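These protein sequence lines are chains B and E, in that order. Those letters in the first sequence? Residues 1 to 452, per the numbering used here, in order. Those letters in the second sequence? Residues 1001 to 1452, per the numbering used here, in order. Encoded as structure tokens, the structure appears first; notes follow it.
Protein chains: 2
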Amino acid sequence: MIRSLCASASLLLAAPLWAGTTAPDAPPADHVAWDVLEGLTTEVGQRLAATPAEARARDWSVARLKALGFANVHVEPFTMPVWLRGAESAEIVAPFPQKLAVTALGNSVPTPAGGLTAEIVAFDGLEALKAASPAAVRGKIVFVNHHMAVQQDGGSYGEIGAIRRTGPSIASAKGAAAIVIRSIGTDHHRVPHTGVQNWVNGVTPIPAGALSVPDAEQLARILERGKPVTMRLVLEGHPAGTGPSGNVIAEVPGRDPTAGIVLVGGHLDSWDLGTGAIDDAAGLAIVTAAAKRIMAAGRPLRTIRVVWFGAEEPGGFGGEAYAKAHASDRHVLVGESDSGADRVWRVKLSTGDPKAPLAHRIIAALSPLGITMGEGPARGGTDVEPIAAVTGAPVIDLGQDASRYFDIHHTADDTLDKIDPAQLDQNVAAWATVLAIAANAPETLAPVAKAP
Amino acid sequence: MIRSLCASASLLLAAPLWAGTTAPDAPPADHVAWDVLEGLTTEVGQRLAATPAEARARDWSVARLKALGFANVHVEPFTMPVWLRGAESAEIVAPFPQKLAVTALGNSVPTPAGGLTAEIVAFDGLEALKAASPAAVRGKIVFVNHHMAVQQDGGSYGEIGAIRRTGPSIASAKGAAAIVIRSIGTDHHRVPHTGVQNWVNGVTPIPAGALSVPDAEQLARILERGKPVTMRLVLEGHPAGTGPSGNVIAEVPGRDPTAGIVLVGGHLDSWDLGTGAIDDAAGLAIVTAAAKRIMAAGRPLRTIRVVWFGAEEPGGFGGEAYAKAHASDRHVLVGESDSGADRVWRVKLSTGDPKAPLAHRIIAALSPLGITMGEGPARGGTDVEPIAAVTGAPVIDLGQDASRYFDIHHTADDTLDKIDPAQLDQNVAAWATVLAIAANAPETLAPVAKAP
């Protein structure tokens, strides 16, 4: 059973499934993923949630998905709070006048007209900020530094990213006038990393920004001189009411409508600084090209649903809207691609038992692509977590190599040139393998109790 | 003679002179070069010529050179035309609205209030622009693309850099409203490369800018769609009268004032986008640390003059002022460091005969540092070419590995983190070797007829 299913899956892959043996009937790599990625980033560019740019992206998406032959292509709209960027700049006023590269974080409020000038108080990490006395912080601009490590699984983003997610609320609660963090990134370019942060209930919103890594290091060197450091900060990003967003949905219809749905997705919105190539046009391109390969091979047993989620970046609004609308749909496997386009190196499955037949077949079929089984449960991501939570649908994670992801993530540098076509193709092959097996599994598939 | 001189030179070097043999008396690396580089880029930052920032840099330089023990530390002022950057932005208005990263080139004139909106006309390289009919260009924004190769000797900067140096005048002569070039750079970051260009006599200055490499590639992809492309351009950089600049001079006095001067330099000014770490705080740091090592080893026979030239970037005003003021000084060897801080790989000498004793000794002593003799005459650079031209002084070029220089050159990314301390030290060792031999050569040294 394993072999025959894998053999059929191999027909759908660009790379031969079995290492060391060349499948003579393997089709050549198609260009669907590249064309989606190149088209969306070129013809739309940035796609900030709930803005006209994201609306243009939805129109582009519907047209492209229809042209690719998907069925039931439609938009499921929702409304959400809007946040817009404005002018932004930072400069050291004293002791060494110079400009620093800064960008506002999501949900920042604007500095006063003419900017905010205040002394810097610096902390090395979130714990140091938490331990600070309000007297040391009050009226000042808080600067939080850190030392983020490069990790293949991107794990440091969870820990270090807390500086961005919670630092502004902690600083405000202690009376800070504003906060600038060292960008949550591992590069050394003058392109600061934006990202969302949410105000804790009861906290007064303050201007919140991120310095590029070189600028954060420069500020740390200036502070080391031991003189008081004064910064003038302009961050005109601001909340702007509510606006329309939406999820774009497309399907490869299955032969048996009662056999459940295999859901794969990525997110259509992006931050506004780059063109959202690695985050997350790549994810859309990968799962869509994989689904297209299944479609090209003939109608699968189960329906494959491809969702291009809206408004992931500002807080997962698309994933929440999807879960609300589709809680009663029978999802038998859900997964998303949202860590760039570098190669998949690890698979995790939350099917309860990793030795269950479906899990076993998927893991075995991914092995020739250089993908190994990871420890611990699959968790999905911001887009599919809500539907998995409400339905108990099994989750699959195809973990991508994140070694250079946080060099680019949420910066102006997130552009098409960062994509490695060979690694993009490996991602498509991996997802096509998963879809071929899951959409055609002959046994009954059903939601399971999720791992804790 | 060669061996004994090299042995004495080896005392001055951080790295042992003879590969494969460890000199037990080699001193540990000092931190002079790093401290100059770190101090200038941190405590002054950008140093645009003839601005208050460059004036602060001169004050900093005089204090630091005196603190290092140099003699005759002083500023030789001059005045020059000033050019200042202003607000700058570019956006595609149609067919695919999006912002592009742009920066003004030196001597650009401002766009009209509210910006300039016009259709793009694109050319692949300078020859294509030269061949264009004025009818195709008139009233449009010219875009010049190119394909700059990475080269160890940075040679492509000469050929491709002509797009920046002469493209604006050619475009204006054909009636263009403005010009944006693909940055003269080899990176893929959203940090455009500025640089000087000069208007040909009789040509009307127009707004002239450079798109970052990813943005130039994006514009090329948009143009490939075949629809008319309209850009809105804001470039508020502008000429701003004349202002003060100056050369900062320091010396290691020689025992014999009649034996001539060995001149080494770099330039103190920088472009305003980064902190001028590789261009050219590194060069100042390298030649100064090398001279300091000679000073520390005891008074040399000849005077070593260290010049931190002002206003190199906008057109070599410091080099011209120095040549005018010091045409009658007896320079016996001149050289500059102005290609970053990556390792020296090649030496060229314009002493007429490369088998002349001095040249022979220098080339032999550099060999253990991995430096080989290059073909062709030494040419110096913008700072020392004028003094070499008026005095006939021999020139030495220590060619640095420029493989990544044009990733960073003239961008916001020119910051301290780009410096590799180990390669910086190799540069210091190489220049200390040159200075030890040239400043102590027992034979009479004199200007020579320059190679053509």
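The beta-carbon is built from N, C-alpha and C at its ideal position, and this holds for glycine as well. A quick note: this is a predicted structure, and the numbers were derived from the prediction, not measured.
- Not a single C-beta of chain B is nearer than 8 angstroms to the C-beta of E1313(E).
- Setting aside the 5 residues that flank it on each side, W60(B) is surrounded in the same chain by L40, E43 and V44, each with a C-beta closer than 7 angstroms to its C-beta; the list follows chain order.
- Residue environment: V395(B) is assigned as buried (16 or more neighbouring CB atoms within 10 Å of its CB, all protein chains considered).
- At the C-beta level, G246(B) and G310(B) come within 8 angstroms of one another.
- Approximately 20 angstroms separates the beta-carbon atoms of A240(B) and V102(B); this is outside 8 angstroms, ruling out the contact.
- Within the region 150-198 of chain B, the complete beta strand (DSSP E) segments of 3 residues or longer fall at 178-182, listed in chain order.
- At a cut-off of 8 angstroms between beta carbons, G1045(E) contacts chain B.
- Against E1217(E), the close residues of chain B are D417, in the order they occur along the chain (beta-carbon pairs closer than 7 angstroms).
- Annotation for Q98(B): I92 place their beta carbon closer than 6 angstroms to its own, counting only its chain and skipping 5 residues before and after.
- Annotation: T103(B) has no Cβ neighbours in chain E at a cutoff of 8 angstroms; minimum Cβ distance is about 12 angstroms.
- R1255(E) and S1328(E) have their C-alpha atoms some 20 angstroms from each other.
- The region 1368-1379 of chain E makes no contact with the region 1120-1131 of chain E: fewer than 3 CB pairs, one atom from each, lie closer than 8 angstroms.
- D269(B) is the residue among I278(B), S172(B), W345(B) and D269(B) whose C-alpha sits nearest the C-alpha of G319(B).
- For A1094(E), the three-state secondary structure derived from DSSP is strand.
- Using beta-carbon distances, P214(B) counts as an interface residue toward chain E, with a partner under 8 angstroms.
- Fully enclosed beta strand (DSSP E) runs of no fewer than 3 residues occupy 396-400 of the region 396-450 of chain B, in order along the chain.
- For S1061(E), the uninterrupted alpha helix (DSSP H) run begins and ends at P1052 to A1067, by DSSP.
- Contact annotation: in the region 1075-1102 of chain E, residues whose CB is within less than 7 angstroms of a CB in chain B are F1096, Q1098 and A1101.
- Contact between the region 1340-1353 of chain E and the region 1298-1318 of chain E is absent: fewer than 3 CB-CB pairs across the two stretches fall below 8 angstroms.
- Under the three-state reduction of DSSP output, A1118(E) falls in the strand class.
- Burial is judged here by how many other beta carbons sit within 10 angstroms of a residue's own beta carbon; P244(B) has at least 16 and is buried.
- Every beta strand (DSSP E) of 3 residues or more that sits fully in the region 227-270 of chain B is shown, in chain order, as 230-235, 238-252 and 261-267.
- Among the residues of chain B, none has a CB under 7 angstroms from the CB of A1149(E); the nearest is roughly 16 angstroms distant.
- Per DSSP, the beta-bridge partners of I1141(E) are I1120(E) and A1178(E).
- Along the region 216-235 of chain B, going in chain order, the ones with a CB nearer than 7 angstroms to a CB of chain E are E217, Q218, R221 and I222.
- Cβ contact annotation for T1111(E) (same chain, cutoff 6 angstroms, sequence separation greater than five): P1207, L1233, V1234 and L1235, in chain order.
- I1179(E) and G1161(E) do not touch by the CB rule: their CB atoms are close to 15 angstroms apart, not below 8 angstroms.
- In this structure, the beta-carbon distance from M1231(E) to I1120(E) falls below 8 angstroms.
- Within the DSSP secondary-structure output, W83(B) pairs in a beta bridge with P239(B).
- Here the region 1407-1419 of chain E makes contact with the region 1185-1192 of chain E; the two share three or more CB pairs at distances below 8 angstroms.
- The secondary-structure analysis by DSSP pairs L349(B) across a beta bridge with I396(B).
- Straight across, the Cα-Cα distance linking A1323(E) with A1250(E) is about 16 angstroms.
- L129(B) places its beta carbon 8 angstroms or farther from that of G175(B).
- Counting only residues of its own chain and dropping the five nearest sequence neighbours on each side, R1190(E) has a CB closer than 8 angstroms to the CB of A1101, S1212, P1214 and D1215.
- For V307(B), the enclosing beta strand (DSSP E) begins and ends at T303 to F309.
- Inter-residue distance for K66(B) and R47(B) is about 20 angstroms (C-alpha atoms, whole angstroms).
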